[in-house]
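Here's the structure we're looking at; comments come further down.
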Amino acid sequence: MNRCSRLQILVPLVLLLATSASGQDLTGALLDQGMRHYAQQNWAGAADYLGQVCDMAPDQHTARYYLVYSLLMMRKFPEALSHANILVQRNPGQPAYLQLQAQIQQAIAAQAAPRPDGGGGSRPGVPPKEVVLGGYEPASGKGVLIEPKMPTGPRPSKPKPPKADTPLDTAIAHIDAEEYPQAVAILDDLLKKDPKNAKALHYRGVVEFNQRQYGAARDWFKKAVAVDPKGFETWFLMGDAANRESKFGEARDAFAKAVAIKEDVFALLNLADAQRKLGKAKEAEEIYKKIVKIDSNVVEAKVNLADAQLEQGRVDDAAVLINDVLSINPTNGFAHYVKGKILFRSDLNEDAISELKLALSTSPDNDLYRLAMAKALLKGFRTGEATELGGAVLRDNPNSYEARLILAEALLMEGQTGDAEEHVDQAEKIMAGPELNRLRGLIALRNGDQEKAKTMFQTYISQDSTNGFAYLEYADVLEKAGDVPSALEVYKLIKSRFGGTALEAQADAKLTALGGAAAAGEAAPPAGAEAPPATPATPPPAPGKVRY
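Residues in the sequence shown are numbered consecutively from 10, following my numbering.
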């Protein structure tokens with residue numbers, strides 16, 4: 010399909026996004042659509058969208074990689090080779106790309122080779138069956154590509170007629186055309202005949218997923234994997250549906266099942282994200298390292314590693330990594346977002362706001378960026394603007410846990426503790442996260458209940474023991490409550506657990522200011538607090554929800 014046809018296909022999406030999104034936002038939307046088609050094995054649709062991404066962002070190597078596979082599946086070898094050549098030229102020495110280039114060259118050579126009977130070239134075989142959303146067969150940490158099998162026998166004198174579409178094929182076509190009632194009618198009929206038809210159950214879930222009925226979608230996906238527990242795509246979409254409803258435990262479990270079937274980059278990214286949102290920092294960091302080992306060009310994994318370093322107080326390490334990413338891809342909104350967090354943590358709040366504006370310029374409706382901006386505005390006591398941003402996110406996504414927290418903190422800063430507590434209670438109905446205890450501690454402190462404030466913060470740090478900034482805030486709460494001896498103990502604990510980081514420097518400054526600098530050695534946790542686990546050899550990242 011030529012570019013003109015592709016543009017005609019994309020007109021509805023372009024019109025939808027044009028009023029609110031920049032070119033970078035459109036690129037992200039097209040990439041998302043392309044990968045959805047890839048997930049459904051709609052190679053032509055995937056090639057259309059991914060090709061457009063490569064036209065708009067020539068250095069989007071992930072899109073180009075999956076474009077090559079889509080073209081391979083369509084047997085468009087010359088076009089696939091041209092894109093593989095670009096990958097090799099722009100990423101010299103990358104084994105996965107070199108192997109891919111060699112594989113296509115072999116396929117073209119085999120296609121052109123004369124047949125034993127003197128006839129023309131033999132028909133190429135089906136390209137490698139890489140798992141949906143994947144492209145790797147892990148072996149010693151490298152992507153190993155399967156060489157296409159080439160038929161050696163003569164071509165049949167009469168080609169076989171094309172197979173007629175099955176009812177399932179027809180239902181899938183209706184789904185692709187967004188004709189959901191027709192698809193449902195066919196799928197329900199198939200399920201009446203065979204209630205254990207795993208594919209029909211799966212696509213019944215896809216119908217609900219595409220209409221944003223994520224709870225109903227999960228129910229269908231659960232039925233599908235009960236019949237076929239090896240359905241990678243079903244587990245992946247089940248995790249995606251759970252994630253969209255902030256059911257991060259279910260999302261983690263589903264993505265873990267998908268990864269157990271296939272160590273796919275996209276599934277690994279989603280699994281790591283779910284782990285971070287659940288406070289499983291060490292597990293998430295190991296996943297990001299695995300992704301970078303599989304493909305060093307996965308920028309999202311690098312940026313998340315920088316985010317993890319930041320949450321451990323390794324501000325300098327995070328800044329070096331994120332600046333390196335931005336030097337190669339200066340329009341990466343996620344990298345600007347993490348840089349904004351680095352500036353925020355460095356008490357350069359106005360610079361943080363400027364950086365977050367750059368992130369938002371790439372994706373104005375991105376909840377993550379909007380909520381980070383809201384928190385920066387709160388730090389600058391701009392509660393009205395922060396409330397407006399948090400409210401906008403909540404209107405778009407009533408299940409946004411983070412938006413509830415933003416609104417609660419804004420109301421608390423304005424002295425409206427009752428309304429703040431109502432938002433905290435509503436947030437708890439969505440998810441039971443450690444930030445709830447933090448806010449309840451701040452509310453108690455505002456109400457003059459210092460003992461409750463200390464208890465809430467003790468629970469907070471016990472639930473999120475790898476978050477050094479939580480310890481700093483706890484020590485500050487103890488100071489405000491007049492319990493300076495306990496505050497000193499917490500600062501000593503920070504020095505012990507987060508040595509060599511910016512957190513240690515801040516704790517040192519506080520110890521000096523409070524007259525406790527002479528104390529040495531590792532301190533025990535303050536009375537009543539749970540002892541945190543031993544410090545890991547490699548500091549793990551903090552959870553992936555918006556952390557403040």
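Every residue, glycine too, gets a C-beta built ideally from N, C-alpha and C.
With 16 other Cβ atoms within 10 Å as the buried cut-off, status of I337: Its Cβ having fewer than 16 others within 10 Å, I337 is exposed.
Whole-angstrom C-beta distance between I415 and L451, which should lie under 8 Å: I415 and L451 do not touch by the CB rule: their CB atoms are close to 13 Å apart, not below 8 Å.
Best match in K438, R413, A441 and T521 for proximity to D428 [C-alpha to C-alpha]: R413
Candidates L454, A490, D203 and V97: closest to G424 by CA position: L454
Residues of its chain near I117, where Cβ-Cβ distance is below 8 Å and the 5 sequence neighbours each way are ignored: Cβ neighbours of I117 within its own chain (closer than 8 Å, five residues either side excluded): F86, P87 and L90.
Extent of the continuous alpha helix (DSSP H) run through Q191: Y189 to K202
Stretch pair the stretch 392 to 399 + the stretch 352 to 372: three plus CB contacts closer than 8 Å: no
Where the alpha helix (DSSP H) through Q69 begins and ends: Per DSSP, Q69 belongs to no alpha helix (DSSP H) and is neither H nor E.
Rounded straight-line distance, which links the Cα of Q114 to that of L76: 17 Å
Distance CB(A180)-CB(L196) smaller than 8 Å: yes
S336 (DSSP reduced to helix, strand or coil): Three-state DSSP puts S336 in a helix.
Nonlocal neighbours in the same chain, by C-beta distance under 7 Å from L487, ignoring five residues either side: For L487, where only same-chain residues beyond five positions count, the Cβ hits under 7 Å are K463, S495, A496 and V499.
Chain D contact for A361 (CB, 8 Å cutoff): Protein chains in the displayed structure number just one, and chain D is not present.
CB of P260 within 8 Å of CB of Y223, strictly: Before going further, note that residue 260 is Ala rather than Pro in the sequence given. The answer is no: Cβ separation not under 8 Å.
C-alpha gap between E292 and R45, whole angstroms: 27 Å
Whole-angstrom distance between A55 and A361, CA atom to CA atom: 37 Å
Own chain residues within Cβ distance below 7 Å of V268, not counting five before or after: Only A276, L277 and L280 meet the Cβ criterion.
Q472 versus V433: straight-line alpha-carbon distance, rounded: 17 Å
Cβ neighbours of H211 in the same chain (closer than 6 Å, five flanking residues each side left out): A233 and T243
8 Å Cβ shell around Y189 - same chain, five flanking residues per side excluded: So the qualifying residues of the chain are H183, V216, N219 and Q220.
Same chain, Cβ closer than 7 Å to K138, five either side skipped, listed in chain order: Because K138 carries a pLDDT of 35, less than 50, the predicted location of this residue cannot be relied on, and no value is offered for it.
Rounded separation between L558 and M382 - CA only: The first residue shown for the chain is 10 and the last is 557, placing residue 558 beyond what the model contains.
Nearest residue (CA-CA) to F466, options W52, D262 and A479: A479
For E294 and G60, the rounded distance between their alpha carbons: G60 and E294: Cα-Cα distance of roughly 32 Å.
First and last residue of the uninterrupted alpha helix (DSSP H) at S91: Here the alpha helix (DSSP H) through S91 covers F86 to R99.
Whole-number beta carbon distance between V274 and I300, since they are thought to touch under 8 Å: With 8 Å as the limit, I300 and V274 qualify as a contact, their Cβ atoms being about 6 Å apart.
Three-state secondary structure assigned by DSSP to M465: helix
Selected residue, minimal CA-CA separation from E444, among E254, G258, A53 and K286: K286
Exposed unless 16 or more other CB atoms sit within 10 angstroms - verdict on L154: Summary for L154: the model assigns pLDDT 40, below 50, so the residue's position carries little reliability, and this model does not support an answer.
C-alpha distance - Y483 paired with T510, whole-angstrom precision: 18 Å
Cα-Cα separation, L335 to A344: 7 Å
When A66, V97, Y58 and P67 are compared against L80, the one with the closest alpha-carbon: If you compare the alpha carbons of A66, V97, Y58 and P67 with that of L80, the shortest gap goes to Y58.
Integer Cβ distance of A72 from L40, believed to fall under 8 Å: The beta carbons of A72 and L40 sit about 5 Å from each other, so the pair counts as a contact at 8 Å.
Supposed close pair Y410, L377 - CB separation, criterion 8 Å: Y410 to L377, Cβ: 12 Å. No contact.
DSSP-derived helix/strand/coil call for S409: In the structure shown, the three-state DSSP call for S409 is coil.
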